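All residue numbers for the sequence shown refer to our numbering, where the first residue is 13 and numbers rise by one.
We put the beta carbon where it would ideally sit given N, CA and C, even for glycine.
Quick caveat: nothing in here was measured; it's all calculated off a predicted structure.
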Amino acid sequence: MNSNDTDFLADWEQLSQIGRVEGTLGVDREAASAADGEQRRWFAELLRSRGFTVHRDEIGNLFGLLELVPGAPYVLTGSHLDSQPTAGRFDGAYGVLASAYACFRLADRLRNEAAPPVRNLAVVNWFNEEGSRFKPSLMGSGVFTGKLSLAEALETRDKKGTSVRAALDALEERGNFAALNVASYAEIHVQQGRSMEEGGIAIGLVDATWGARKYELRVRGEQSHSGSTLMTDRRDALLAAARLIVAARELVDEFPPGALHSACGEIQVYPNSPVVVASEASVLIDFRSENTEFLQEAARRFLTIAAEIAEQDRVEVEIAAEHSWERNPYTPQGVELARAVAQELGVTHDTVMTVAGHDSTNMKDVVPTVMLFVPSVEGRSHSVRELTSDADMLAGVRMLTEVVHRLASSQDL
Ligand SMILES: [Zn+2]
C-alpha cells in the first residue's frame with residue numbers, strides 16, 4: 013500500500029468517527045445536524061490543508077477549488093456527506109473523500125505534465141442528498157442545476173419546524189458562492205445493491221438510472237374515541253394509511269418479478285394517542301422501476317386505489333408533495349471514457365444501472381457526467397451494517413483519479 017492509500021484510509025477512519033452511532037460502525041449525520049456541521053468543518057479543513065480554496069453556495073453546497081488553468085472551466089467531482097438516521101458510513105461520504113483524494117493526487121501530476129491540463133479541479137459535498145430531515149432528496153444538486161428553486165428549498169422545514177435556512181445558518185454553512193463554470197462531473201458511490209459483489213465486479217460503470225415516483229399522501233379523517241365510537245361512524249385516517257401502504261406493496265405482484273420496487277418509509281399519525289381514532293396521517297410512498305411504462309402504470313393504478321380507499325374509509329386523501337424522475341441514460345461518452353480507464357487499469361468492470369437516485373442524476377442532465385460504483389457487501393445500505401472493503405474503496409479512488417485526469421486533460425467531454 014502506498015502513502016496515498018494509507019493517507020486515504022487514515023482520513024476515512026477520522027471521518028467515520030464523526031456522528032458515530034454507539035456500538036456500531038454506522039453514523040447518524042442528517043443534513044445540517046450538529047454532526048453534519050462537524051464533518052463539514054473537518055472536510056473544509058482537509059481541503060484547505062491541501063491548497064484548495066473553500067466556498068459555500070446559498071443552499072450550503074460545499075466546494076473545494078484548485079485553479080490550475082486561470083479562467084478555465086472546472087471538472088467537478090463529489091457526492092454527499094449527509095446520511096439517513098442511524099445509517100452507513102459509506103453512502104455518499106465515501107464518494108466525497110474519494111473525490112477529494114482523486115484531486116489531491118492529480119494536483120501535482122497535472123502541474124508537471126508535458127501537456128498542460130485544460131480544466132481546473134473542484135470537489136463538492138452536495139447539501140442534503142438524502143432528504144430524510146428536509147424533503148426532497150437531492151436538494152443541493154437540485155438547486156445547483158436549477159431543478160429546484162432556492163427560495164423553496166430554504167423554506168423547507170423539518171418535523172420540528174426548523175427551516176433549511178435556519179439550520180444552515182446556525183452552522184454558518186451558507187455562503188454566496190455562485191460562479192462555478194462546470195465542464196463535466198464525476199461521482200463515485202457504493203452500489204447499495206448486490207449485483208456487483210455477486211458478479212465479482214470491482215467497478216460499476218453506471219449507464220442509466222431507474223425512474224422513481226415518490227408521493228407524500230395526506231389522509232384526513234375525523235378524531236373520535238377509539239373505544240366508544242360506532243364502527244360505522246369512524247373516519248379513521250390511520251386505517252386508510254395502512255391500506256395505502258399495503259396497496260403499494262401488493263401492486264408489485266401485478267408486475268414481472270423484480271420489475272417494480274415499492275415502499276413506505278415514513279408515516280406520521282395525529283394525534284397518535286392510545287384511545288383516539290386518528291384524524292390525520294401522512295405516508296411517503298415510493299415506486300421505482302427501470303421500465304417507464306411500468307412506473308406510469310403503477311402510479312396510475314396506485315392513485316386509483318387511493319381514491320377507492322378514500323371512499324371506502326370516508327377520508328380525504330390528497331397528494332401533499334411529489335418528487336419524480338424518469339429512467340434515463342448517463343452520458344454515453346462518459347461510460348465509454350470510464351470503460352477505457354477500467355481496461356487500462358485492468359480492473360474488473362461492467363455497466364450497471366442505479367436504482368437509487370444520486371446527485372449525478374441531476375448533474376448528468378446539465379453537463380457530461382461519469383458515474384462509478386464500488387461494491388456493497390450483500391447490497392446492504394441505509395443501515396449501520398453497510399460495508400465496502402478497503403481494497404474496493406482504494407480501487408475506486410484509483411479509478412476515479414484516472415477518470416478525472418482524463419476529464420481535466422482534454423476538451424472532449
Ligand atoms: Zn448516497
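Residue from the options with nearest C-alpha to residue i
i      : options                        : result
Arg117 : Leu296, Leu59, Leu166, His67   : Leu59
Leu384 : Arg392, Ser401, Leu349         : Leu349
Ala191 : Leu77, Ala165, Phe314, Val288  : Leu77
Glu70  : Gly158, Ser15, Cys115          : Gly158
Ala112 : Ala56, Arg145, Ala127, Pro148  : Ala56
Ala198 : Arg392, Met375, Glu141         : Met375
Ala260 : Val281, Arg225, Pro283         : Arg225
Leu419 : Ala47, Val87, Glu164           : Val87
Leu166 : Gln204, Val258, Ala44, Asn284  : Ala44
Ala6   : Lys147, Ala254, Arg351, Glu25  : Coverage of the chain is limited to positions 13 through 425, which leaves residue 6 absent and any answer about it impossible.
Met151 : His370, Val409, Val389, Ala311 : His370
Val289 : Met243, Pro268, Ile297, Arg255 : Met243
Asp170 : Ser149, Val81, Leu37           : Ser149
Ser294 : Gln308, Leu251, Leu263         : Leu251
Asp120 : Gln345, Asn137, Glu79          : Glu79
Thr316 : Arg351, Ala179, Arg255         : Arg255
Gln308 : Leu37, Gly391, Phe267          : Phe267
Gly346 : Leu180, Tyr282, Phe314, Val416 : Val416
Ser91  : Gly83, Tyr106, Ala84           : Tyr106
Ile200 : Val108, Ala253, Tyr227, Phe156 : Val108
Val231 : Ser196, Thr241, Val281         : Val281
Asn193 : Ala84, Phe139, Glu414          : Ala84
Beta-carbon proximity list for residue i, same chain, < 6 Å, skipping 5 on both sides
i      : result
Ser95  : Val39, Arg41
Gly233 : Arg247, Asp248, Ala249, Ser291, Val327
Asp362 : Ile213
Cys115 : Leu133, Val135
Val389 : Leu399
Bridge-paired residues (DSSP) for residue i
i      : result
Arg230 : Ser294, Glu330
Ile317 : Answer is none; Ile317 lacks a bridge partner.
Asp362 : Gly216
Ile200 : Leu384
Ser417 : Strictly speaking, residue 417 in this sequence is His, with Ser absent from that position. Beta-bridge pairing links His417 to no other residue.
Gly76  : Val66, Val135
Val281 : Ala293
Ala99  : Val39
Asn340 : Thr221
His273 : Arg300
Val87  : Leu133, Ser196
Val288 : His237
Arg169 : Ser175
Arg32  : Val39
His335 : Lys226
Nonlocal neighbours in the same chain, by C-beta distance under 7 Å from residue i, ignoring five residues either side
i      : result
Arg68  : Leu74, Glu185, Arg186, Gly187, Phe189
Ala271 : Ser301, Asn303, Phe306
Val33  : Val39, Asp40, Thr98, Val396
Val287 : His237, Ser238, Gly239
Ser144 : Glu42, Gln96, Pro97
Val8   : Residue numbering for the chain in the displayed model covers 13 to 425; residue 8 lies beyond these limits and cannot be assessed.
Arg392 : Glu398, Leu399
Exposure of residue i, with buried meaning 16 or more beta-carbon neighbours within 10 Å
i      : result
Gln355 : exposed
Val202 : buried
Arg247 : buried
Ala134 : buried
Ile331 : exposed
Glu141 : buried
Gln204 : buried
Ser372 : buried
Arg430 : Outside the displayed range of the chain (13 to 425) lies residue 430, so it cannot be described from this structure.
Asp265 : exposed
Asn284 : exposed
Arg177 : buried
Asp245 : exposed
Glu414 : buried
Ala407 : buried
8 Å CB neighbourhood of residue i in its chain, flanking five on each side removed
i      : result
Ser422 : Val130
Asp404 : Ala214, Val386, Pro387
Ala47  : Ile30, Gly31, Val39, Asp40, Arg41
Thr343 : Lys376, Pro380, Thr381, Val382, Leu425
Self-check item: the stretch 296 to 308 contacting the stretch 181 to 193, beta-carbon criterion three pairs below 8 Å
Solution: no
Quiz item: Are the stretch 390 to 409 and the stretch 334 to 347 touching by the rule of at least three beta carbon pairs closer than 8 Å?
Solution: no
Quiz item: Do the stretch 272 to 289 and the stretch 318 to 333 meet, that is, are 3 or more Cβ pairs less than 8 Å apart?
Solution: no
Quiz prompt | Given 8 Å, three or more beta-carbon pairs between the stretch 214 to 229 and the stretch 366 to 375 | solution = yes
Quiz item: Which residues are close to ligand 2, meaning CB closer than 5 Å to any heavy atom, in chain order?
Solution: Ligand 2 is not part of this structure, which contains only ligand 1.
Quiz item: Looking at C-beta atoms only, is the number of pairs between the stretch 97 to 117 and the stretch 206 to 213 that lie closer than 8 Å three or more?
Solution: no
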